[in-house]
Structure formats: C-alpha cells, structure tokens
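Asker: Letter 89 of the sequence shown, counting from 1, is numbered 95 in my numbering, and no numbers are missing.
Positions of the beta carbon are idealized from the N, C-alpha and C atoms, including for glycine.
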Amino acid sequence: MSSPSCATCSPRGAPSWPPKLRGTLTPEQAARRAAIASAYVRTQALGGPDDDPLTRAVAALGLLADRVAAVESAITRASAPGAGTDAGRP
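1) Give the DSSP-derived three-state secondary structure of Arg69 in the structure shown.
2) Going by beta-carbon coordinates alone, are Ala105 and Leu69 separated by less than 8 Å?
3) Which of the three DSSP states, helix, strand or coil, is assigned to Ser99?
4) Express the C-alpha separation of Arg28 and Glu34 in angstroms, rounding to a whole number.
5) Am I right that Gly53 and Ala45 are in contact with their C-beta atoms under 8 Å? What's the rounded C-beta distance?
6) Can you tell me whether DSSP reads Thr32 as helix, strand or coil?
7) In whole angstroms, give me the CA-to-CA distance for Ser16 and Asp58.
What follows is the structure, encoded as structure tokens:
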C-alpha cells in the first residue's frame, strides 16, 4: 500500500518539518512557532526540575546576562547618530 503523496508530506507520508524552511507559515503560525521555540530554548537552558538547583541558578544568570546585553545593544542602536530623528520628513 502506498502512502499519500502531497506537497507537505515526505515520501513516507509524514509531514516534512520544519515548514518554516519552505516559507509556508502564516504570520500567526510564525509568531506561534517563535514563541514555542523560545520557550523550548529557555527550558533547555534552565534545566528541568530534576537538575541541581545551583546549576539552574547559574543558567538563569546566564540568560539574564544575555537579556541585559540585548538591552544594551538596543540602547546603543537607538542612541547612535541619526537614529530616531525626523530626517527626511517634510
């Protein structure tokens, strides 16, 4: 018995993943996928409930440092010469 053939299926009939590589996600799906991926990465970085509490605390500090660096980068970009000005507006 052969499996169904379609543009979204692999040769064995399973959906090919990830669809984002094909550019077929709607904006809502892309936002949802980004949220899920972010939560997954955060969970993996922090460890699970079975991990050592000290290890989880150090991982949380690492994530905090990454977020502070992102804020610093955003502030630097916003305060760069010409950023946020009304140049070119009538």
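Answerer: For this structure:
1) The sequence given here has Leu at residue 69, not Arg. In the three-state scheme derived from DSSP, where H, G and I count as helix and E and B as strand, Leu69 is classed as helix.
2) Absent from the structure is residue 105, since the part of the chain shown begins at 7 and ends at 96.
3) Absent from the model: residue 99. The displayed extent of the chain is 7 to 96, so no value can be given.
4) In this model, Glu34 and Arg28 are separated by some 16 Å (Cα to Cα).
5) Not confirmed; about 14 Å, so no contact.
6) In the three-state scheme derived from DSSP, where H, G and I count as helix and E and B as strand, Thr32 is classed as coil.
7) Because the pLDDT at Ser16 is just 46, under 50, the model does not fix this residue reliably, and the value given afterwards should be weighed accordingly. Roughly 40 Å between the two C-alpha positions.
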